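Residue numbers (my numbering): 1108 to 1709.
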């Protein structure tokens, strides 16, 4: 009896301990976020100090924030340091500008504008990571077990494509869109119908107000919400809440954040096109929820007719938006868009990239399969798991279209991977052999999270490639502040340079550029492509027409490899060989500069 009582007391203490842990799961996730943020900031401390905004979008985002704080109109999203004097039409919204500008404004008077800006680019990307932690943690608790937020968060931290979007300096909009997708996942599996529908609807509205990159996943989440109502009439509250929040949230997002350019019926942003579609979809959701239909087939039929009418209205009223939303011309597609690495299918990348990108989604799909099998006799559990599994399968499939689907595919794999870990790791911990328990537990987590694949891939040496090494060095050196410092010392002017270098140039120097890698400015990109690919005479015609002051190249930059391979006798290649026309005057940037720069003689 004494032993039984002792075991009972110990079991009760263990249960109370676990209960405290699970009751305060939000606090633990907050602490995990603080620890992860500190780790990431420490790891990128030098890069933050050197203001190393590595991505073109991050640089342009900072240029947009500066323009806003300098007095540019809230609804004017044109970037006037590109394509002067008209400016470049940018299809973004101000939502993502707000935390960056807020941090800079709050700290500017205390530490100075430059330091405040560095704090902003370090901290702002970490904010959506906290949102995603809480959302994925909630989804894991609802799907698996109250304490399952722990493995889910740990696996999320091991997802390279996702975490890369939340790291310091990654201030572009993708991190916030991933956070909204995580919220949509949490909403789909919320046992409280009204709260769940509201969460999915608002997450969709915010995400679309930022950009359309997650449109396919969010549309699927809306369809899943409708199918839940088809299956169970009691889900009408969820569908009504989703419809109302989608319509109202999208309308509010349009009113507050749609730029002047996006008030035209453009296809690639929240414009009258997508505003009408989302308001109509939301209204349909509310109306369907109000119908007193007791038959599943009746609900399915009405929902199918409504979906067909919505799709038909979209095609009838906005026929120009049927197809690729970028609406890029064939020439722009050929010269530029088809060469963008993230727009290429995954199978066109190296096998190392393929293995790294697929490791976690594969584990996630295995986990979803296991949970669907285990829950096959529980219709409620089956529907919840099938909902998220469908999104994960869609994201994995989209990798065969564009590699840019990788962050979403890894994020959506986390609940399935966490469920797999929840099954396998406790089983490993019950082994009698201590070594098997420890090694097995570590190995299981490494495999399920994708860490094992990433480590194995990193240990396989790559073949030496002198050209690739030169490209890597140029990509690393040219965007740095020391490399651009001599360029910045030249009198301000308009620079003909690489498309991918334009945003960095306008962000850290006083100069202006013709274009950046943004599809709405297709003719500007085409002009640059023709200038560097064509003859010196053709380049000069472009320079005179645009009143260009300087020509700047970074030999071996990734973009330049296209010029070299496809136009071996073009203007760019001639410049690299020292065949410089007389109308260009060389500028001495120092013997160690990775750049070559010339002033245009008039």
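Note that beta-carbon positions come from the ideal geometry of N, C-alpha and C, so glycine has one too. Values in this document were obtained by computation on a predicted structure and should not be read as measured data.
What is the DSSP secondary structure of residue i, counted as helix, strand or coil?
i, result
"residue 1706", "strand"
"residue 1619", "strand"
"residue 1296", "coil"
"residue 1774", "The requested residue 1774 is not part of the displayed model; the chain covers only 1108 to 1709."
"residue 1580", "helix"
"residue 1186", "strand"
"residue 1587", "coil"
"residue 1158", "coil"
"residue 1664", "coil"
"residue 1557", "coil"
"residue 1116", "Note on residue 1116: pLDDT 40, under 50, position unreliable in the model; the coordinate value appears next. Residue state, collapsed to three classes: helix."
"residue 1508", "coil"
"residue 1122", "Model confidence at residue 1122 stands at a pLDDT of 48, short of 50, so the residue's coordinates are unreliable and nothing is read from them."
"residue 1676", "coil"
"residue 1110", "The predicted model places residue 1110 with a pLDDT of 37, which falls under 50 and marks its position as unreliable; any figure quoted below should be read in that light. DSSP places residue 1110 in helix when its eight states are reduced to three."
"residue 1372", "coil"
"residue 1235", "helix"
"residue 1365", "coil"
"residue 1277", "coil"
"residue 1335", "helix"
"residue 1150", "helix"
As a quick exercise: from the options, pick the residue whose alpha carbon is nearest that of residue i.
i, options, result
"residue 1521", "1462, 1199 and 1288", "1288"
"residue 1295", "1371, 1243 and 1180", "1243"
"residue 1282", "1269, 1481 and 1291", "1269"
"residue 1245", "1236, 1425, 1256 and 1237", "1256"
"residue 1439", "1637, 1493, 1641 and 1594", "1637"
"residue 1170", "1159, 1182 and 1188", "1188"
"residue 1167", "1195, 1180 and 1372", "1195"
"residue 1317", "1362, 1565 and 1628", "1362"
"residue 1156", "1528, 1228 and 1506", "1228"
"residue 1404", "1364, 1701 and 1336", "1336"
"residue 1528", "1263, 1164 and 1237", "1263"
"residue 1154", "1276, 1191 and 1640", "1276"
"residue 1627", "1131, 1374 and 1575", "1374"
"residue 1222", "1231, 1211 and 1232", "1211"
"residue 1164", "1178, 1621, 1423 and 1197", "1197"
"residue 1160", "1341, 1279, 1558 and 1466", "1279"
"residue 1567", "1551, 1457, 1542 and 1415", "1457"
"residue 1502", "1653, 1376, 1464 and 1535", "1464"
"residue 1656", "1392, 1692, 1504 and 1507", "1692"
"residue 1535", "1524, 1550 and 1314", "1550"
Does any heavy atom of the ligand GDP sit closer than 8 Å to the C-beta of residue i?
i, result
"residue 1687", "Within the structure as shown, the ligand GDP is missing, as the structure has no ligands at all."
What are the boundary residues of the beta strand (DSSP E) that includes residue i?
i, result
"residue 1601", "1601-1603"
"residue 1691", "1691-1694"
"residue 1657", "1657-1660"
Cβ of residue i within 9 Å of Cβ of residue j?
i, j, result
"residue 1308", "residue 1350", "yes"
"residue 1554", "residue 1548", "no"
"residue 1643", "residue 1681", "yes"
"residue 1526", "residue 1477", "yes"
"residue 1319", "residue 1432", "yes"
"residue 1659", "residue 1705", "yes"
"residue 1590", "residue 1616", "no"
"residue 1610", "residue 1696", "no"
"residue 1396", "residue 1330", "no"
"residue 1290", "residue 1352", "no"
"residue 1358", "residue 1382", "yes"
Taking residue i and residue j to be in contact with their CB atoms under 8 Å, please state how far apart those CB atoms are, rounded to whole angstroms.
i, j, result
"residue 1390", "residue 1354", "6 Å"
"residue 1495", "residue 1519", "7 Å"
"residue 1148", "residue 1172", "Their Cβ separation, rounded to whole angstroms, is 20 Å, which puts residue 1148 and residue 1172 out of contact at 8 Å."
"residue 1048", "residue 1183", "Any question about residue 1048 goes unanswered here, given that the chain covers just 1108 to 1709."
"residue 1462", "residue 1509", "In fact, because the Cβ distance is near 18 Å, the residues do not count as touching under 8 Å."
"residue 1250", "residue 1492", "7 Å"
"residue 1607", "residue 1621", "Actually they are not in contact, since the Cβ atoms of residue 1607 and residue 1621 sit about 12 Å apart, beyond 8 Å."
Starting from residue i, trace the alpha helix (DSSP H) both ways and give me its first and last residue.
i, result
"residue 1429", "Neither: residue 1429 is in no alpha helix (DSSP H) and is coded neither H nor E."
"residue 1468", "1458-1481"
"residue 1487", "1486-1505"
"residue 1215", "1204-1218"
"residue 1437", "1437-1442"
"residue 1628", "Segment: none, residue 1628 is in no alpha helix (DSSP H) and carries neither H nor E."
Step through the CB atoms of chain C and report whether any lies within less than 9 Å of the CB of residue i.
i, result
"residue 1662", "Absence of chain C from the displayed structure is noted, only one protein chain being present."
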